[in-house]
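Visitor: Those protein sequences? They're chains X, U and B, same order as listed.
Okay, so the first sequence: first residue is 139 according to this note's numbering, each after it adds one.
Okay, so the second sequence: first residue is 139 according to this note's numbering, each after it adds one.
Okay, so the third sequence: first residue is 139 according to this note's numbering, each after it adds one.
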Amino acid sequence: MSTEFHWSRKDLLGIAELEPEEITAVLDAAESFQEVSARAIKKVPTLRGQTVVNLFFEASTRTRSSFEIAQKRLSADGLNFSVSGSSLTKGESLVDTALTLQAMAPDLIVIRHAYPGAPQMLARRLAAGVINAGDGAHEHPTQALLDALTIRERKGRLDGLKVAIIGDIEHCRVVRSNIHLLTKMGSEVVVAGPRTMMPAAIAKLGVTVSYDLDEAIADADVIMMLRIQLERQSKMLFPSTREYFRLFGLTRARLQAAKDDVIIMHPGPMNRGVEIASDVADGSDSVILEQVSNGVAIRMAVLYLLAGVRQAVA
Amino acid sequence: MSTEFHWSRKDLLGIAELEPEEITAVLDAAESFQEVSARAIKKVPTLRGQTVVNLFFEASTRTRSSFEIAQKRLSADGLNFSVSGSSLTKGESLVDTALTLQAMAPDLIVIRHAYPGAPQMLARRLAAGVINAGDGAHEHPTQALLDALTIRERKGRLDGLKVAIIGDIEHCRVVRSNIHLLTKMGSEVVVAGPRTMMPAAIAKLGVTVSYDLDEAIADADVIMMLRIQLERQSKMLFPSTREYFRLFGLTRARLQAAKDDVIIMHPGPMNRGVEIASDVADGSDSVILEQVSNGVAIRMAVLYLLAGVRQAVA
Amino acid sequence: MSTEFHWSRKDLLGIAELEPEEITAVLDAAESFQEVSARAIKKVPTLRGQTVVNLFFEASTRTRSSFEIAQKRLSADGLNFSVSGSSLTKGESLVDTALTLQAMAPDLIVIRHAYPGAPQMLARRLAAGVINAGDGAHEHPTQALLDALTIRERKGRLDGLKVAIIGDIEHCRVVRSNIHLLTKMGSEVVVAGPRTMMPAAIAKLGVTVSYDLDEAIADADVIMMLRIQLERQSKMLFPSTREYFRLFGLTRARLQAAKDDVIIMHPGPMNRGVEIASDVADGSDSVILEQVSNGVAIRMAVLYLLAGVRQAVA
Numbered sequence: 139m140s141t142e143f144h145w146s147r148k149d150l151l152g153i154a155e156l157e158p159e160e161i162t163a164v165l166d167a168a169e170s171f172q173e174v175s176a177r178a179i180k181k182v183p184t185l186r187g188q189t190v191v192n193l194f195f196e197a198s199t200r201t202r203s204s205f206e207i208a209q210k211r212l213s214a215d216g217l218n219f220s221v222s223g224s225s226l227t228k229g230e231s232l233v234d235t236a237l238t239l240q241a242m243a244p245d246l247i248v249i250r251h252a253y254p255g256a257p258q259m260l261a262r263r264l265a266a267g268v269i270n271a272g273d274g275a276h277e278h279p280t281q282a283l284l285d286a287l288t289i290r291e292r293k294g295r296l297d298g299l300k301v302a303i304i305g306d307i308e309h310c311r312v313v314r315s316n317i318h319l320l321t322k323m324g325s326e327v328v329v330a331g332p333r334t335m336m337p338a339a340i341a342k343l344g345v346t347v348s349y350d351l352d353e354a355i356a357d358a359d360v361i362m363m364l365r366i367q368l369e370r371q372s373k374m375l376f377p378s379t380r381e382y383f384r385l386f387g388l389t390r391a392r393l394q395a396a397k398d399d400v401i402i403m404h405p406g407p408m409n410r411g412v413e414i415a416s417d418v419a420d421g422s423d424s425v426i427l428e429q430v431s432n433g434v435a436i437r438m439a440v441l442y443l444l445a446g447v448r449q450a451v452a
Numbered sequence: 139m140s141t142e143f144h145w146s147r148k149d150l151l152g153i154a155e156l157e158p159e160e161i162t163a164v165l166d167a168a169e170s171f172q173e174v175s176a177r178a179i180k181k182v183p184t185l186r187g188q189t190v191v192n193l194f195f196e197a198s199t200r201t202r203s204s205f206e207i208a209q210k211r212l213s214a215d216g217l218n219f220s221v222s223g224s225s226l227t228k229g230e231s232l233v234d235t236a237l238t239l240q241a242m243a244p245d246l247i248v249i250r251h252a253y254p255g256a257p258q259m260l261a262r263r264l265a266a267g268v269i270n271a272g273d274g275a276h277e278h279p280t281q282a283l284l285d286a287l288t289i290r291e292r293k294g295r296l297d298g299l300k301v302a303i304i305g306d307i308e309h310c311r312v313v314r315s316n317i318h319l320l321t322k323m324g325s326e327v328v329v330a331g332p333r334t335m336m337p338a339a340i341a342k343l344g345v346t347v348s349y350d351l352d353e354a355i356a357d358a359d360v361i362m363m364l365r366i367q368l369e370r371q372s373k374m375l376f377p378s379t380r381e382y383f384r385l386f387g388l389t390r391a392r393l394q395a396a397k398d399d400v401i402i403m404h405p406g407p408m409n410r411g412v413e414i415a416s417d418v419a420d421g422s423d424s425v426i427l428e429q430v431s432n433g434v435a436i437r438m439a440v441l442y443l444l445a446g447v448r449q450a451v452a
Numbered sequence: 139m140s141t142e143f144h145w146s147r148k149d150l151l152g153i154a155e156l157e158p159e160e161i162t163a164v165l166d167a168a169e170s171f172q173e174v175s176a177r178a179i180k181k182v183p184t185l186r187g188q189t190v191v192n193l194f195f196e197a198s199t200r201t202r203s204s205f206e207i208a209q210k211r212l213s214a215d216g217l218n219f220s221v222s223g224s225s226l227t228k229g230e231s232l233v234d235t236a237l238t239l240q241a242m243a244p245d246l247i248v249i250r251h252a253y254p255g256a257p258q259m260l261a262r263r264l265a266a267g268v269i270n271a272g273d274g275a276h277e278h279p280t281q282a283l284l285d286a287l288t289i290r291e292r293k294g295r296l297d298g299l300k301v302a303i304i305g306d307i308e309h310c311r312v313v314r315s316n317i318h319l320l321t322k323m324g325s326e327v328v329v330a331g332p333r334t335m336m337p338a339a340i341a342k343l344g345v346t347v348s349y350d351l352d353e354a355i356a357d358a359d360v361i362m363m364l365r366i367q368l369e370r371q372s373k374m375l376f377p378s379t380r381e382y383f384r385l386f387g388l389t390r391a392r393l394q395a396a397k398d399d400v401i402i403m404h405p406g407p408m409n410r411g412v413e414i415a416s417d418v419a420d421g422s423d424s425v426i427l428e429q430v431s432n433g434v435a436i437r438m439a440v441l442y443l444l445a446g447v448r449q450a451v452a
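(1) Quick one: what does DSSP say Leu217 of chain U is sitting in, helix, strand or coil?
(2) Cutting at 6 angstroms between CB atoms, please list the residues of its own chain near Leu388 of chain X, excluding the five before and the five after it.
(3) Could you tell me which chain B residues have their CB closer than 8 angstroms to the CB of Thr189 of chain X, listed as they occur along the chain?
(4) Under 8 angstroms by Cβ, that's how I've got Asp215 of chain B and Gln188 of chain B pegged, so tell me the actual separation to the nearest angstrom.
(5) Less than 8 angstroms between C-beta atoms, sequence neighbours within five positions excluded: which residues of the same chain meet that for Asp350 of chain X?
(6) Mind checking which residues open and close the beta strand (DSSP E) that includes Thr189 of chain U?
(7) Nearest to Ala356 of chain X by CA position, among X:Gln367, X:Ala252, X:Ile366, X:Asp399, is which residue?
(8) Can you name the residues of chain B whose CB is closer than 7 angstroms to the CB of Glu206 of chain X?
(9) Is the Cβ of Ala284 of chain B closer than 8 angstroms to any Cβ of chain U?
(10) What are the start and end residues of each continuous alpha helix (DSSP H) run of 4 or more residues lying completely inside the region 392-437 of chain B, in chain order?
(11) Kindly indicate which residue of X:Leu287, X:Val345, X:Lys293, X:Gly324 has the alpha-carbon position closest to the one of Arg314 of chain X.
(12) Per the DSSP calculation, Ser348 of chain X is bridged to which residue(s)?
(13) Using a Cβ cut-off of 8 angstroms, pull out every chain B residue sitting near Arg186 of chain U, in sequence order please.
(14) Among U:Ile340, U:Lys300, U:Val268, whose alpha-carbon lies nearest the alpha-carbon of Ala250 of chain U?
(15) Within 8 angstroms of any Cβ in chain C, is that where the Cβ of Thr288 of chain U sits?
(16) Can the beta-carbon of Leu151 of chain U be found closer than 8 angstroms to that of Glu308 of chain U?
(17) Name the one or two DSSP bridge partners that Phe363 of chain B has.
(18) Quick one: list the residues of chain X neighbouring Lys210 of chain U, beta-carbon separation under 8 angstroms, in chain order.
(19) Short of 9 angstroms Cβ to Cβ, which residues in the region 349-368 of chain U face chain B?
(20) Can you find the residues in the same chain that come closer than 6 angstroms, C-beta to C-beta, to Gly223 of chain U, ignoring five residues on each side of it along the sequence?
(21) Say whether chain B places a C-beta atom closer than 8 angstroms to the C-beta of Arg437 of chain X.
(22) Locate the beta strand (DSSP E) running through Ser289 of chain U, then write down its first and last residues.
(23) Could you tell me if Phe143 of chain U is buried or exposed, where buried requires 16 or more neighbouring beta carbons within 10 angstroms of its beta carbon?
(24) From Thr379 of chain X to Arg410 of chain X, what distance separates their C-alpha atoms?
(25) Do we get a CB-CB distance below 8 angstroms when we pair Ala243 of chain X with the residues of chain U?
(26) Can you list, in chain order, the residues of its chain whose CB lies under 7 angstroms from that of Arg292 of chain X, leaving out five sequence neighbours each side?
(27) Relative to the C-alpha of Ala261 of chain B, which candidate in B:Leu284, B:Ala236, B:Ser422, B:Ala282 has its C-alpha closest?
(28) Closest by CA to Ser326 of chain X, which one among X:Ala302, X:Ile340, X:Thr334, X:Thr184?
(29) Let me know the secondary structure DSSP gives Ala236 of chain B once reduced to three states.
(30) Return the residues of the region 412-435 of chain B that lie within a Cβ-Cβ distance of less than 7 angstroms from chain U, sorted by chain order.
(31) Using a threshold of 8 angstroms, state whether the C-beta atoms of Leu343 of chain B and Ile161 of chain B are closer than that.
(32) Short check: CB of Leu455 of chain U to CB of Ala445 of chain U, under 8 angstroms?
(33) At a cut of 8 angstroms, does the region 426-438 of chain X reach the region 280-297 of chain X through at least three beta carbon pairs?
(34) Please classify Arg250 of chain B: does DSSP put it in a helix, a strand, or coil?
(35) Can Ile317 of chain U and Phe386 of chain U be called in contact, C-beta distance under 8 angstroms?
(36) Roughly how many whole angstroms lie between the Cα atoms of Ser416 of chain X and Arg311 of chain X?
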């Protein structure tokens, strides 16, 4: 199927608008790129002479490093646009910054921004392909895709699985993209977390809502633990990290309720002893580091597919 | 003419010392590089194996990104020297920093510094070619060159034009370089702005001084609007941004006084509604984004010409 | 000898564990790389497609720039991991950060960290080769190696020399690596400085301790001046910079006590007029800028040797 499929989107803005065949196309392309990072010479000339701008308006270790490494392994020319050293501190609007970058003829722009919809706005204005690397708590499509690749590798499929997503459902940037992807591909999603972190409208996305960890992970094939942002603690969303761990922390004992071959995921960075016990994070069910490895392959695949559209147009 | 001309300067420090043929040589070289950024593979091997250090002591979006992209498209190895993470915070002098960098055998050094004359001092001490990317309000030669390229493309010439430069004549880093270049090439320059932003000695540079926008832009072929640094507002150089806009903001109505085929320029980043109305900034007379595109070509040209001098010496 | 020697270490963590033949092997390799930086095209394809992560948790001009330039000249893909923009600010542990980076399949990791032993901890956990670029005041092996290369070039040997190391013996990050290297290679080391900056156990490393500059440099072949960290002045380790200069500052007059062909070294950045007089720093005996040049060659050599071990394993 994927051999016949032709990717035609200029941008990757979210999972919500993707068709299942498009998701499969990215995963298939990523699988073929995994091998590059395993070589002694980790580099292919695929994107030679392509300019990719990394426009990060929020701090990020994993996502940004992952995109940068993907670019280098594809031989693209990556430009890091530093926010603190930027015109935005001089009061320039995001659109003017984007139009300015555009005038320098980049092929692709990777953007992370605190405001939901910022990548969409850029994509409408710019000829360059735009990749959403996280817009607030709205979408973070490459994270959902790397999670899907990890699940597909381990489970052999993305349909008919029970996936439990546990934690700060409201603020975590990866939740919505993962829900869209997993439900589109035919899996069942249960979300669980404290009531203070559960958005009212979440059930409309086709998921089951729970406020109990044990209930949520019962018979789960996949458990995705979300990061608790301790910075938010001042807002009193939960009484204490100890209390949070007691209620929603994943431990080896509680894991018994899940399927025997359950896999444990976390988008990182982890708060060990808050949302996840260290022995679970490092245990044999954990695929947390595979997620990171697959992140590079997914980003290579997305850069490759979008650049192909650009080339076809040019 | 330019085919016979041989560039012989080690450094590009300012427009003041350039001969008209040298200016023309840079513009001609830049024109030939414009095509590279329009290709699918935006890269030529011209500066392969050359080390270029970007030494920015002040924040800059456009200039720095533009130089970095120019370096990548020429296949140079660019090194970004971070000021905040540098020895300068440990009290090392600029000269010692420069000598240290020099010992690492860079071919070219791009420097932005708050102090007028800093690039000149480096150029005298270093074997590497030095490019001034802005030294206080003294010179910013690559900006003047990209402005000139934009004018020449639109008007077909640089002589016999009337160019109005409007705004903060005293503090804006691009003014002096533009005045030097335009008067050398045979154009007439009028500068206008509030008295609090007009340096006493500016008329000595061969320009007409005005304190009235409408008078200054009458029959102009080119209008260059300068950025108002709102940070300076605390110094009470102007009563309010609203008052500034009323007196010196460029609107569609006022534009009637200029020639029919006038072009509107701005070095960016713009304060829309302060020095320029949004419909003028985005209108058909505006060449503001062409300036940005031409910036990459000008920087490629300058890097190329200076590297050629280095190679000839080596 | 070095032609038969095969480098077998995955990591370069310190000089303490190196055999003399290993030190010689690095110096010999570095000598062969010096020529690359003298070429018009300063680039060899040696590490093409290798990913090197620069993980600097403390500010550094020289060391970081030197490693970056070395990577570019070897055609490696360097990734700069920014600390301020990193997950570490979100509370992630160094080990989790390292495991995450590891999952992106880097070949080599260059790390500077305030805590002694941080590179060792990483090296045990990671398949990637780890290069210590300074761990507190513990070791800074590439600095000691570049100092050794500079001495060997000037003196023709590393044995039988008298080397005086003057200044803040306790806190300076280069002292211990230099003592290990020089004593292993057969030189005599004298350390001198104020009592407040002299660690009690230093004599156990096989050096002579002095509290008098003139005594320490008598008949010295090499004088290494250390940087005084003026930031520490608040801790009252010395009464004033003027007083420090009077007691331990190297001047032309005092230099008479050393051998006629003495060479003067400093790891930089220098405090002129505090630990060293300007005319000495810039004088004909000074090899301070040669140290910087040799730094690039040493880092190329270390990257090359460690990458070779990686390749042999793969």
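Every residue, glycine too, gets a C-beta built ideally from N, C-alpha and C.
Guide: Inspection of the coordinates gives the following:
(1) Within the second sequence, numbered from 1, the residue matching residue 217 of chain U stands at position 79. In the structure shown, Leu217 of chain U falls within a strand segment according to DSSP collapsed to helix, strand and coil.
(2) The residue labelled residue 388 of chain X in the question sits at position 250 within the first sequence. Correct list, in chain order: Met363, Ile414, Val418.
(3) Indexing the first sequence from 1 puts residue 189 of chain X at position 51. Contact of Thr189 of chain X with chain B by beta-carbon distance below 8 angstroms is absent, the smallest such distance being about 16 angstroms.
(4) Here residue 215 of chain B is taken as the residue at index 77 of the third sequence, counted from 1. Here residue 188 of chain B is taken as the residue at index 50 of the third sequence, counted from 1. With a Cβ gap of about 7 angstroms, Asp215 of chain B and Gln188 of chain B count as contacting.
(5) Within the first sequence, residue 350 of chain X is the residue found at index 212, counting from 1. Ala330, listed in sequence order.
(6) Looking up residue 189 of chain U in the second sequence gives position 51. Taken as a continuous stretch (DSSP letters only), the beta strand (DSSP E) holding Thr189 of chain U covers 189-194.
(7) Walking along the first sequence from the start, residue 356 of chain X turns up at place 218. If we check each option's Cα against that of Ala356 of chain X, X:Asp399 comes out closest.
(8) The residue given as residue 206 of chain X occupies position 68 in the first sequence. Under the 7 angstroms cutoff, chain B gives Leu217.
(9) As a first step, residue 284 of chain B is located in the third sequence; it is residue number 146 there, counting from the start. Residue 284 of chain B is actually Leu in this sequence, not Ala. Any Cβ of chain U closer than 8 angstroms to the Cβ of Leu284 of chain B would place that residue at the interface, and such an atom is absent.
(10) Within the region 392-437 of chain B, the complete alpha helix (DSSP H) segments of 4 residues or longer fall at 416-419, listed in chain order.
(11) Taking the first sequence and counting its residues from 1, one reaches residue 314 of chain X at position 176. That would be X:Val345, whose Cα lies nearest to the Cα of Arg314 of chain X.
(12) By 1-based counting over the first sequence, the position of residue 348 of chain X is 210. Ser348 of chain X has X:Ala330 as its beta-bridge partners, per DSSP.
(13) Numbered from 1 along the second sequence, position 48 holds the residue referred to as residue 186 of chain U. Those are Ile179, Lys181, listed as they occur along chain B.
(14) Indexing the second sequence from 1 puts residue 250 of chain U at position 112. Note on residue identity: the sequence assigns Arg, not Ala, to residue 250 of chain U. Looking from the CA of Arg250 of chain U, the closest CA among U:Ile340, U:Lys300, U:Val268 belongs to U:Val268.
(15) The structure shown contains no chain C; its protein chains are X, U and B.
(16) If you number the second sequence from 1, residue 151 of chain U lands on position 13. If you number the second sequence from 1, residue 308 of chain U lands on position 170. No, the Cβ-Cβ distance between Leu151 of chain U and Glu308 of chain U is not below 8 angstroms.
(17) The residue you call residue 363 of chain B lines up with position 225 of the third sequence. The identity of residue 363 of chain B in the sequence shown is Met, whereas the question assumes Phe. Assignment of beta-bridge partners to Met363 of chain B by DSSP yields B:Ile304.
(18) On the second sequence, position 72 is the one that residue 210 of chain U refers to. The contacting residues are Thr189, Asp215, Leu217.
(19) Listed in sequence order: no entries.
(20) To locate residue 223 of chain U, count along the second sequence from 1; it is residue 85. Confidence is the limiting factor: at Gly223 of chain U the pLDDT is only 45, short of 50, which leaves the residue's position unreliable and the question unanswerable from this model.
(21) Taking the first residue of the first sequence as 1, we reach residue 437 of chain X at position 299. The beta-carbon of Arg437 of chain X is placed no less than 8 angstroms from the nearest beta-carbon of chain B.
(22) Along the second sequence, read from residue 1 onward, the residue named residue 289 of chain U stands at position 151. It should be pointed out that residue 289 of chain U corresponds to Ile in this sequence rather than to Ser. Judged by DSSP secondary structure, Ile289 of chain U falls outside any beta strand (DSSP E) and instead within the alpha helix (DSSP H) spanning 279-293.
(23) Translated into the one-based positions of the second sequence, residue 143 of chain U becomes position 5. Answer is exposed; the Cβ neighbour count stays below 16.
(24) To locate residue 379 of chain X, count along the first sequence from 1; it is residue 241. To locate residue 410 of chain X, count along the first sequence from 1; it is residue 272. Between Thr379 of chain X and Arg410 of chain X, the C-alpha separation is close to 11 angstroms.
(25) Within the first sequence, the letter at position 105 stands for residue 243 of chain X. Yes - at least one Cβ of chain U is within 8 angstroms of the one on Ala243 of chain X.
(26) For the purposes of this step, residue 292 of chain X is taken as the residue at position 154 of the first sequence. Around Arg292 of chain X: Ile401, Val425.
(27) Within the third sequence, residue 261 of chain B is the residue found at index 123, counting from 1. When only C-alpha atoms are compared, the closest one is B:Ala236.
(28) For the purposes of this step, residue 326 of chain X is taken as residue 188 along the first sequence, with counting starting at 1. The sequence as given places Glu at residue 326 of chain X; Ser does not occur at that position. Minimum Cα distance to Glu326 of chain X is reached at X:Ala302.
(29) Against the third sequence, residue 236 of chain B aligns to sequence position 98. Residue state, collapsed to three classes: helix.
(30) Those would be Leu427, Val430, Ser431, Val434, in chain order.
(31) If you number the third sequence from 1, residue 343 of chain B lands on position 205. If you number the third sequence from 1, residue 161 of chain B lands on position 23. Going by C-beta atoms, Leu343 of chain B is not nearer than 8 angstroms to Ile161 of chain B.
(32) Since the first residue of chain U shown is 139 and the last is 452, residue 455 of chain U is not available in this structure.
(33) Cβ pair count under 8 angstroms is three or more, so yes.
(34) Here residue 250 of chain B refers to the residue found at position 112 when the third sequence is read from its first residue. Strand at Arg250 of chain B.
(35) Locating residue 317 of chain U in the second sequence gives position 179, counting from the first residue. Locating residue 386 of chain U in the second sequence gives position 248, counting from the first residue. No, these two residues do not count as a Cβ contact at 8 angstroms.
(36) Locating residue 416 of chain X in the first sequence gives position 278, where the first residue counts as 1. Locating residue 311 of chain X in the first sequence gives position 173, where the first residue counts as 1. C-alpha separation (whole angstroms): 23 angstroms.
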